[in-house]
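One structure is given below, encoded as structure tokens.
Protein chains in written order, with this note's numbering: chain A, 20 to 442; chain B, 20 to 442.
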């Protein structure tokens, strides 16, 4: 073939929204039905309740004093006339009924005795402050019935739902559970994601780099992005260009994870190992085992970076294949997967993307939605960092957002409003 | 004493801002000078760099191809005339110099051979896509010198600072470090905080509640709040009302933590165990050991909830004593400590508090700054939840913010702007 038929060779491009919808459909059962696990409160911070939590006891569990002072019967109080003080009730103790015509010293949190219907703070009495023995107390006014008395169940009644399913367990919410005596909670198990980097050129960070070799940034990037989105990393693997090796790595990844993410091996080159295992021209007979329930569709998404994408199943487990360029792989995760991982973890997101004004004009090639790396300005605007080169991991690291330039837009003026994806 | 001298007994109140400043001064050396620790990248998500990180190698480490295509000498290209294809360079391999008048197949990421000064993507050539053997290629136009060639160091030069000290390690930043071959980072060690709950009435969540007993919510609440703010929990303990026991618990707390937080035992009652160990009337001879370098000042802060506060040192370690009421303790942490724990972890906060409009009128007792529990409305306003009772942990759990009503304000109209503290 020596004719110049580049146009004919190009497959039709899938829109970003279509690919997002297809990925969401693939993962929908995983997101909708999450298992729950039981954790002690100290391990549940920021996790999401998998079920309503009801209070096993009332809070407060008993009628108690809101202040250090004297418990009295309001009917017995005459301003200026002394009441005999017949004893003391400390927090953590029990209380006998209050005899008519008497008062009792009472500490904050201590049970209010039967008969008493108000507490008067010590500093509002003739006693002023607790010190030596107190035998009598004079009140300046008749307290209101119920004053400084916390009724049992006034905060939470026994059986009340303290927190509903779906609640994210902030510190204040863990405190409420602890106050009800709850020590363990059922929380949603986050999506377990396996991450596999492919490419003969890849070397693990920290190892020695040989000629032609490149450090694997995608393993670190995708694993961290999964964790940041609320998922857990089930498996991390790496494979060169041998389809037999990759098939074995993917088998582990699929067995351990709810979802497999691969990077690399999906371009137009001669050695595209992911396509060699999962693509239409894969040589099934060369693999170490049969690929039951395995089917991946490769497509080109009208997005830059991150055009070459694949989605399907490997041995029954959903799999998404990202391009190998570190910026492309990271953008792919943000645009196609991040919200689903967060949703599976029970985190609610409204899906709205904020709008910012461009600090400078931007041009964009037509036909592909650009996800430019952007940094926020002090004034609230956004500017492109590092240009459009998809290999610029340092620029990606300086970016706060992705600037979303629609496929049909070729130029934007300074001050134009753009949607951004927060990083 | 039978006269009614309540007014005289009340100590002067410290302003919230003064107490914040005093706590900040106490913790300033801890916040300003944090130790660093060395962690693998996979454990460093959201941590903060303790030192600049420089690139040990350039990224890319060698001149390489940005596309699957053909490497050529632009001076040799004549549109429409075939160039012989003399071989192939895969990613991860090495490349011999390109002979004049020839082209070589090259894969994305593969080294561009000496002599070649451009790459032409395969789909823009007569070949269209890689498949069977290719012996010659026809180009439609002369490529620009440098086209689709990534120069060594074009992303990061060897020795460049990739990320400066103080950078929070988002996934994109870990990716950049991995791309440079960096496997470990020096990150700031967060503040190690010990949390001690006091009170004879306290029982651990999950245990059986006896008469007069209360579940300890503060241990859970403060430990979770410390973690959410970026600190670590060094020690969690609980003590009843025996000063000897509390002194022993505090000794462990102070030995293991950079900071000790206590709750309870600081009010006006007869059994205030924290004051019994640390207050001016403490009986040092009754304690199991001498309290060297121990001094705590108790004061009443003009804040509600959370008035009774103490700050100082226990055996040299900074200590803050919060009131025992769970809402009071949580508000105390938010208002006095949270920003300092975050700052010690290297997290930058501007300290600004957003303003919201009240959905309804609010009245407030004079002389004390109110920190009301507030929930945000869909319309962007804020409303009080659960009233002002400081024991309402369930209301605190429903709150999104604390509504800050200044001490000199007695009433606010619907629609009035208020500062809020985000929870």
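Ideal placement from N, C-alpha and C gives every residue a C-beta, glycine not left out.
Best match in the options for proximity to residue i [C-alpha to C-alpha]
i              : options                        : result
residue 355(B) : 110(B), 280(B), 434(B)         : 280(B)
residue 154(A) : 113(A), 431(A), 296(A), 89(A)  : 89(A)
residue 41(B)  : 339(B), 119(B), 326(B)         : 339(B)
residue 177(B) : 94(B), 37(B), 201(B), 269(B)   : 201(B)
residue 336(B) : 343(B), 325(B), 313(B), 111(B) : 313(B)
residue 217(B) : 249(A), 128(A), 135(A)         : 128(A)
residue 67(A)  : 190(A), 137(A), 257(A)         : 190(A)
residue 74(B)  : 225(A), 211(A), 115(A)         : 225(A)
residue 253(A) : 76(B), 61(B), 33(B), 329(B)    : 61(B)
residue 207(B) : 425(B), 63(B), 32(B), 388(B)   : 63(B)
residue 11(A)  : 274(A), 369(A), 157(A)         : Coverage of chain A is limited to positions 20 through 442, which leaves residue 11(A) absent and any answer about it impossible.
residue 405(B) : 414(B), 106(B), 397(B), 398(B) : 414(B)
residue 109(A) : 292(B), 358(B), 328(B)         : 292(B)
residue 441(B) : 113(B), 56(B), 298(B), 350(B)  : 350(B)
residue 322(B) : 168(B), 48(B), 51(B), 426(B)   : 426(B)
residue 360(B) : 45(B), 44(B), 50(B)            : 50(B)
Proximity test, Cβ basis, 7 Å: residue i and chain B
i              : result
residue 167(A) : no
residue 148(A) : yes
residue 320(A) : no
residue 419(A) : no
residue 137(A) : no
residue 195(A) : yes
residue 130(A) : yes
residue 17(A)  : Residue 17(A) is absent from the model: chain A starts at 20 and stops at 442.
residue 359(A) : no
Partners in chain A for residue i, counting only beta-carbon separations shorter than 9 Å
i              : result
residue 112(B) : 219, 220, 230, 231
residue 107(B) : 289
residue 52(B)  : Simply none; closest approach about 27 Å.
residue 390(B) : Per Cβ cutoff of 9 Å: no residues; residue 390(B) is ~13 Å from chain A at best.
Residue i (DSSP reduced to helix, strand or coil)
i              : result
residue 347(B) : helix
residue 380(B) : coil
residue 32(B)  : strand
residue 71(A)  : coil
residue 444(A) : Residue 444(A) is absent from the model: chain A starts at 20 and stops at 442.
residue 390(B) : strand
residue 126(B) : coil
residue 279(B) : strand
residue 263(A) : helix
residue 295(A) : helix
residue 410(B) : coil
residue 93(A)  : helix
residue 398(B) : coil
residue 191(B) : helix
Interface flag, residue i vs chain A, CB-CB below 7 Å
i              : result
residue 164(B) : no
residue 70(B)  : no
residue 415(B) : yes
residue 200(B) : yes
residue 175(B) : yes
residue 275(B) : no
residue 209(B) : no
residue 439(B) : no
Close beta carbons around residue i, own chain, < 8 Å, minus the five adjacent residues each side
i              : result
residue 379(B) : 402, 403, 433
residue 119(B) : 92, 95, 134
residue 39(B)  : 354, 355
residue 184(A) : 68, 69, 70, 71
residue 257(B) : 215, 216, 217, 221, 223, 235, 238, 268
Residues of its chain near residue i, where Cβ-Cβ distance is below 7 Å and the 5 sequence neighbours each way are ignored
i              : result
residue 412(B) : 236, 345, 346
residue 81(B)  : 130, 171
residue 439(A) : 372, 373, 375, 393, 401, 420, 421, 422, 423
residue 199(B) : 74, 75, 76, 78, 175, 181
residue 311(B) : 334
residue 192(A) : 182, 186
Per-residue contacts from residue i into chain B (C-beta, under 9 Å)
i              : result
residue 442(A) : 189, 190, 191
Proximal chain B residues relative to residue i, where beta-carbon distance stays under 7 Å
i              : result
residue 316(A) : In chain order: nothing, as chain B lies at least about 18 Å away.
Cutoff 7 Å: residue i Cβ touching any chain C Cβ
i              : result
residue 410(A) : Absent from the structure: chain C. Protein chains present are A and B.
Interface partners of residue i on chain B, CB under 8 Å
i              : result
residue 81(A)  : 230, 231
residue 116(A) : Within 8 Å Cβ-Cβ: nothing; residue 116(A) doesn't reach chain B, min ~14 Å.
Partner residues on chain A for residue i, Cβ-Cβ distance less than 7 Å
i              : result
residue 246(B) : 64
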